[in-house]
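Asks: So for the sequence shown, this note's numbering puts the first residue at 36; every next one is plus one.
Virtual Cβ for every residue (Gly too), placed ideally from N, Cα, C.
Sending over a structure as structure tokens; questions will come in a sec.
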Amino acid sequence: MKHAALLLACCFVSGLALGQVTGIHAEVIANHDTTGIPELDEMKTYHLYAQMTNETDELSAVFGDISTPLNISSTESFYQSALGADFAWAINGAILPFFPEANYDSWLTIGATNNAMGSLAGAIGLDVALASFNSGGGFIVDDAIGGSIFTLLGDVNALAGADNRVLIAQLTTAGEISGSVNVQMFVEGLQSQSMQVLAMPIQLPQGCGDEDACNYDPEFDPEDTAECQYPGACSDCEGNCIDANGNGACDCEELPGCTNPMADNYQSDATSDDGSCVIGGCMYMSAANFNPEANYDNLSCVFAGCTDAMALNFDPSSVLEDGSCLYLGCMDPVGLNFNPVANVSGACDYSTVCMSDLDGDGYVDVFDLLLLFEAYGYDCDSE
Numbered sequence: 036m037k038h039a040a041l042l043l044a045c046c047f048v049s050g051l052a053l054g055q056v057t058g059i060h061a062e063v064i065a066n067h068d069t070t071g072i073p074e075l076d077e078m079k080t081y082h083l084y085a086q087m088t089n090e091t092d093e094l095s096a097v098f099g100d101i102s103t104p105l106n107i108s109s110t111e112s113f114y115q116s117a118l119g120a121d122f123a124w125a126i127n128g129a130i131l132p133f134f135p136e137a138n139y140d141s142w143l144t145i146g147a148t149n150n151a152m153g154s155l156a157g158a159i160g161l162d163v164a165l166a167s168f169n170s171g172g173g174f175i176v177d178d179a180i181g182g183s184i185f186t187l188l189g190d191v192n193a194l195a196g197a198d199n200r201v202l203i204a205q206l207t208t209a210g211e212i213s214g215s216v217n218v219q220m221f222v223e224g225l226q227s228q229s230m231q232v233l234a235m236p237i238q239l240p241q242g243c244g245d246e247d248a249c250n251y252d253p254e255f256d257p258e259d260t261a262e263c264q265y266p267g268a269c270s271d272c273e274g275n276c277i278d279a280n281g282n283g284a285c286d287c288e289e290l291p292g293c294t295n296p297m298a299d300n301y302q303s304d305a306t307s308d309d310g311s312c313v314i315g316g317c318m319y320m321s322a323a324n325f326n327p328e329a330n331y332d333n334l335s336c337v338f339a340g341c342t343d344a345m346a347l348n349f350d351p352s353s354v355l356e357d358g359s360c361l362y363l364g365c366m367d368p369v370g371l372n373f374n375p376v377a378n379v380s381g382a383c384d385y386s387t388v389c390m391s392d393l394d395g396d397g398y399v400d401v402f403d404l405l406l407l408f409e410a411y412g413y414d415c416d417s418e
């Protein structure tokens, strides 16, 4: 195969493989909605990694040809800085602090991120792919001769390290990255344990851009919700019971109903009152048994008032004596018609009493004497 010949020309030896590259993963390192660099607005910068199995695994080449193309593409253009380079090992790291946009140039690499890292990497057969890449297009190696980014055995930048991965590209774009990658590696850094892994699809970062989710990540867009994890009906993101009303029952376990024991429809098993209580009672505020909680009148009203038919204010509808009866009469003990029960002042009779004026005409005369004779000898006890 053409790419096999190319790799052999670059001093790579194939042998029995004891490990593997497990995938090509894209990771967002910058969301330019927040970096404040105008020319990168709406873009994201990704690092593309070859994921290894062991810390000492060494990536020796990234390659492609007509039979197994190397394809790194985006639905939008790749950003290319005028101060950048095709390969990270050619970038002057000393200028990056002074030109923020140059930090996000799109480039290819094997492990290194600038020229200060002592890279042993090189490239061959990539002129056509780089021409497309530098104009904002995809980096595609699919011709008959093929091409490769490679490094020499012992390049420390090519080792998987503690996170078991090696950086192979930095990509800045407003689009969605896709493609497939072919790699050659040395298992445990042993050239005799060489292996190739072909046509590995680029796996996009998985994350959640929904602010309401438990695993919200601001690096992702709001429409990125496939990986979102939400709190359950009964608990928050930490697994704690949600008890909004503080009644000791989780909201999802609430049993709404009437919790007033005085209501007609009281539910003893209800945990939260839903306002459905039906309470009968007297709804007249003037009644002695007015019930402010009642929401329907059950004709039980008891009205207090004067229950004495002899009183001025006798109320036949009153069933409860409230001591309000009013009695009209002479309230002066000197008056001839003094009434000790009266509490409403009436006319008093203060006329002089004439004991002998039997007919009450104001005179003591013969007619009074005649009346006396008529009664003379009358036995009062006979009645």
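Specify, as a first and last residue, the run of the alpha helix (DSSP H) that Val401 falls within.
Replies: Translated into the one-based positions of the sequence shown, residue 401 becomes position 366. Where Val401 is concerned, the enclosing alpha helix (DSSP H) stretches over Val401 to Ala410.
Asks: Hey, quick one: how far does the beta strand (DSSP E) through Ser108 stretch, first residue to last?
Replies: Numbered from its first residue, the sequence shown carries residue 108 at position 73. Counting along the chain, the beta strand (DSSP E) containing Ser108 begins and ends at Leu105 to Ser109.
Asks: Would you list, in sequence order, the uninterrupted beta strand (DSSP E) runs of no fewer than 3 residues that lie entirely inside the region 179-240?
Replies: If we require 3 residues or more, the beta strand (DSSP E) runs fully inside the region 179-240 come out as 182-186, 200-208, 212-221 and 229-238.
Asks: If you count every other CB in all the chains shown that lies within 10 Å of the CB of Ser335, and 16 or more means buried, which is it?
Replies: Looking up residue 335 in the sequence shown gives position 300. So Ser335 ends up on the exposed side.
Asks: Quick one: what does DSSP say Phe168 is sitting in, helix, strand or coil?
Replies: As a working mapping, residue 168 is identified with position 133 in the sequence shown. In this structure, Phe168 counts as helix in the three-state DSSP scheme.
Asks: I need the DSSP call for Cys287, collapsed to helix, strand or coil.
Replies: Residue 287 sits at position 252 when you count from the first residue of the sequence shown. Looking at Cys287 - three-state DSSP - the assignment turns out to be helix.
Asks: Give me, in chain order, the residues of the same chain whose beta-carbon lies closer than 7 Å to that of His82; leave out the 5 immediate sequence neighbours on both sides.
Replies: Within the sequence shown, residue 82 is the residue found at index 47, counting from 1. The residues are Glu62, Ile64, Leu202 and Gln205.
Asks: Buried or exposed: which applies to Val218, given that a residue is buried once 16 or more other Cβ atoms fall within 10 Å of its Cβ?
Replies: What you label residue 218 is simply residue 183 of the sequence shown in a count that begins at 1. Answer is buried; the Cβ neighbour count reaches 16.
Asks: According to DSSP, is Asp396 part of a helix, a strand, or is it coil?
Replies: Sequence index remark: in the sequence shown, residue 396 carries index 361 (1-based). In this structure, Asp396 counts as coil in the three-state DSSP scheme.
Asks: Assign Gln231 to one of two classes, buried (16 or more other C-beta atoms within 10 Å of its C-beta) or exposed (fewer than that).
Replies: Within the sequence shown, residue 231 is the residue found at index 196, counting from 1. Buried, because 16 or more other Cβ atoms sit within 10 Å of the Cβ of Gln231.
Asks: Quick one: grab the DSSP three-state call for Glu246.
Replies: Within the sequence shown, the letter at position 211 stands for residue 246. Of the three classes helix, strand and coil, the one that applies to Glu246 here is coil, per DSSP.
Asks: Helix or strand or just coil, what does DSSP make of Gly3?
Replies: The chain is shown from 36 up to 418; residue 3 falls before or after that span and cannot be answered.
Asks: Excluding the 5 residues flanking Thr148 on each side, which residues of the same chain have their C-beta closer than 8 Å to its C-beta?
Replies: For the purposes of this step, residue 148 is identified with residue 113 of the sequence shown, where counting begins at 1. The answer, listed in chain order, is Ala123, Ile126, Gly128, Leu202 and Gln205.
Asks: Taking 7 Å as the limit between beta carbons, can you name the residues of its chain near Leu75, skipping five residues before and five after?
Replies: Locating residue 75 in the sequence shown gives position 40, counting from the first residue. Same-chain partners within the cutoff: His67, Tyr114, Glu136, Tyr139 and Thr207.
Asks: Quick one: is Gly420 buried, meaning 16 or more other Cβ sit within 10 Å of its Cβ, or exposed?
Replies: Here the chain covers residues 36 to 418 and nothing more, so residue 420 does not appear.
Asks: So, at 7 Å on beta carbons, what are the nonlocal neighbours of Asp304 in its own chain, with the 5 sequence-adjacent residues on each side left out?
Replies: As a working note, residue 304 is residue 269 in the sequence shown. Counting only Cβ-Cβ distances below 7 Å, and skipping sequence neighbours, we find Leu290.
Asks: What would DSSP say about Phe133, mapped onto helix, strand or coil?
Replies: Here residue 133 corresponds to residue number 98 of the sequence shown, with the count starting at 1. Phe133 falls in the helix class under three-state DSSP.
Asks: Please report the distance separating the alpha-carbon of Cys46 from that of Ile159.
Replies: Start at 1 with the first residue of the sequence shown, and residue 46 comes out as number 11. Start at 1 with the first residue of the sequence shown, and residue 159 comes out as number 124. Only weak support exists for where Cys46 lies, its pLDDT of 39 falling under 50; the value from the coordinates is given anyway. Straight-line Cα distance between these residues: approximately 13 Å.
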